[in-house]
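**Student:**
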Ligand code: GLA
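Numbering (the numbering used here), first residue to last: 81 to 474.
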């Protein structure tokens, strides 16, 4: 149980036309300290859930139809349960894809009314789409009394919907962070074994500041799927020399890569990045344990360099934001965060400098790109849950 901001609760009840027997689920967006584009290579990531949530409210309507309202887009749709097909509307497809996953698991669907609204900015690299998917999953799990499903089942359902229904070949980091998040803790996840451990992130002097470049990316068109495919190709090429390497995260040294004859320098670069990014995650966690934030910061810069030059998922705006803060007093590190091609940078900054930095970045970014950047001082927060639950069987 948790508090829902009053304005959000009102808008959900208004969209549903009632406050009775309504179930509300919420699921957060995420940050990722380090370990980018490693999840779909079965590598290491270090995300945390943030205190920005997507809220999904629903109630059974006794019919064979689902009525859904996206409050933030001011859009509503009605879908008969026997017509769960792909539409040309992304948020509708998120809902339909997940409903089909419940059906695949032989969970009976019922008609319901639902509405959702979000605090997670769209296209900022904070995973607004996973927050929506996880809020839907957690809400429907309760509504459909599918309580046997574990968090990992929900993660797999989301990934299956993304891969097979939406055509987005994403990893599991975002859904994992949204479902497993805990206050003030980031999570070291090994995507190959699903082993994870919580790492405390309390520090009174430094904060994690997100700077939104306000350039929007879209996984489908941005080349995300291209990177997934290039990594698969790299694995195949490496296997001709090292048959035991089943995924890029099995690589242990750059020397291994030097002895493989790759079809192109690009494919080698992609493999090299994944190997080094996994090494950086390990080094970062060690440095955190030793309270060595200087080293953490250097690893952020190194991660950005790899993402920009070897993995080629950055863009001018993000490079500018990172470069602007490099070497500035009070800044320990900076890098692009998430899928890339826009969205946010994540920055480790001394609390006393945040105000001045916001001003400087705003002025210089505006001058360079004629865009006003946005800033978020996020807190690491609890993962998804159901907020209000009335006895739906009454
Ligand atoms: C997106 C995907 C994640 C992950 C990141 C990059 O957020 O949804 O699965 O691949 O990009 O680290």
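From the three backbone atoms N, C-alpha and C, an ideal C-beta is built for every residue, glycine too.
What do you get for residue 371, buried or exposed, if any count of 16 or more other CB atoms within 10 angstroms of its CB means buried?
**Tutor:** Taking the first residue of the chain shown as position 1, residue 371 is located at position 291. It is exposed - the Cβ of residue 371 has fewer than 16 other Cβ atoms within 10 Å.
**Student:** Counting contacts by CB-CB distance shorter than 8 Å, is residue 401 in contact with chain C?
**Tutor:** Note that chain C does not occur in the displayed structure, where there is just one protein chain.
**Student:** Measuring straight from C-alpha to C-alpha, what distance separates residue 261 and residue 130?
**Tutor:** Within the chain shown, numbered from 1, the residue matching residue 261 stands at position 181. Within the chain shown, numbered from 1, the residue matching residue 130 stands at position 50. Straight-line Cα distance between these residues: approximately 8 Å.
**Student:** For residue 276, does the three-state DSSP call read helix, strand or coil?
**Tutor:** Looking up residue 276 in the chain shown gives position 196. Residue state, collapsed to three classes: strand.
**Student:** Going by alpha carbons, who is nearest to residue 188 out of 88, 93, 140, 120?
**Tutor:** The count along the chain shown starts at 1 and reaches residue 188 at position 108. Among 88, 93, 140, 120, the Cα nearest to that of residue 188 belongs to 140.
**Student:** Looking at the secondary structure, which residues open and close the alpha helix (DSSP H) in which residue 131 lies?
**Tutor:** Residue 131 sits at position 51 when you count from the first residue of the chain shown. Not the alpha helix (DSSP H): residue 131 falls in the beta strand (DSSP E), residues 127-140.
**Student:** Suppose contacts are defined by Cβ-Cβ distances below 8 Å. Is residue 428 in contact with residue 454 by that definition?
**Tutor:** As a working mapping, residue 428 is identified with position 348 in the chain shown. As a working mapping, residue 454 is identified with position 374 in the chain shown. No. Outside cutoff.
**Student:** Since residue 456 is in the beta strand (DSSP E), which residue starts that stretch and which ends it?
**Tutor:** Counting from 1 along the chain shown, the entry for residue 456 is found at position 376. Taken as a continuous stretch (DSSP letters only), the beta strand (DSSP E) holding residue 456 covers 454-457.
**Student:** Do the CB positions of residue 175 and residue 215 come within less than 8 Å of each other?
**Tutor:** The sequence position of residue 175 within the chain shown is 95, counting from 1. The sequence position of residue 215 within the chain shown is 135, counting from 1. It is not a contact, given that the beta carbons lie outside the stated cut-off.
**Student:** Secondary structure at residue 384, three-state DSSP: helix, strand or coil?
**Tutor:** For the purposes of this step, residue 384 is identified with residue 304 of the chain shown, where counting begins at 1. In this structure, residue 384 counts as helix in the three-state DSSP scheme.
**Student:** Cα-Cα, which of 436, 243, 280, 350 is closest to residue 328?
**Tutor:** By 1-based counting over the chain shown, the position of residue 328 is 248. It is 350.
**Student:** Give a single yes or no on whether residue 293 has its beta carbon closer than 7 Å to a heavy atom of the ligand GLA.
**Tutor:** In the chain shown, counting from the first residue as 1, residue 293 sits at position 213. No.
**Student:** Once you ignore the five residues that flank residue 363 on each side, which residues in its own chain have a CB closer than 8 Å to its CB?
**Tutor:** Taking the chain shown and counting its residues from 1, the one referred to as residue 363 is at position 283. Around residue 363: 375, 379.
**Student:** If you follow the beta strand (DSSP E) that residue 303 is in, where does it begin and where does it stop?
**Tutor:** Translated into the one-based positions of the chain shown, residue 303 becomes position 223. Unbroken run through residue 303: none, as it is neither H nor E.
**Student:** Residue 82: buried (16+ other C-beta within 10 angstroms of its C-beta) or exposed?
**Tutor:** In the chain shown, the residue the question calls residue 82 occupies position 2. Its Cβ having fewer than 16 others within 10 Å, residue 82 is exposed.
**Student:** Would you mind sorting residue 98 into buried or exposed? The rule is 16 or more other CB atoms within 10 Å of its CB.
**Tutor:** As a working mapping, residue 98 is identified with position 18 in the chain shown. By the 10 Å Cβ count, residue 98 comes out exposed.
**Student:** Is DSSP giving residue 286 helix, strand or coil here?
**Tutor:** Within the chain shown, numbered from 1, the residue matching residue 286 stands at position 206. Correct three-state label for residue 286: strand.
**Student:** Provide the residue span of the beta strand (DSSP E) that contains residue 416, from first to last.
**Tutor:** Against the chain shown, residue 416 aligns to sequence position 336. According to the DSSP assignment, residue 416 belongs to the beta strand (DSSP E) that extends over 411-416.
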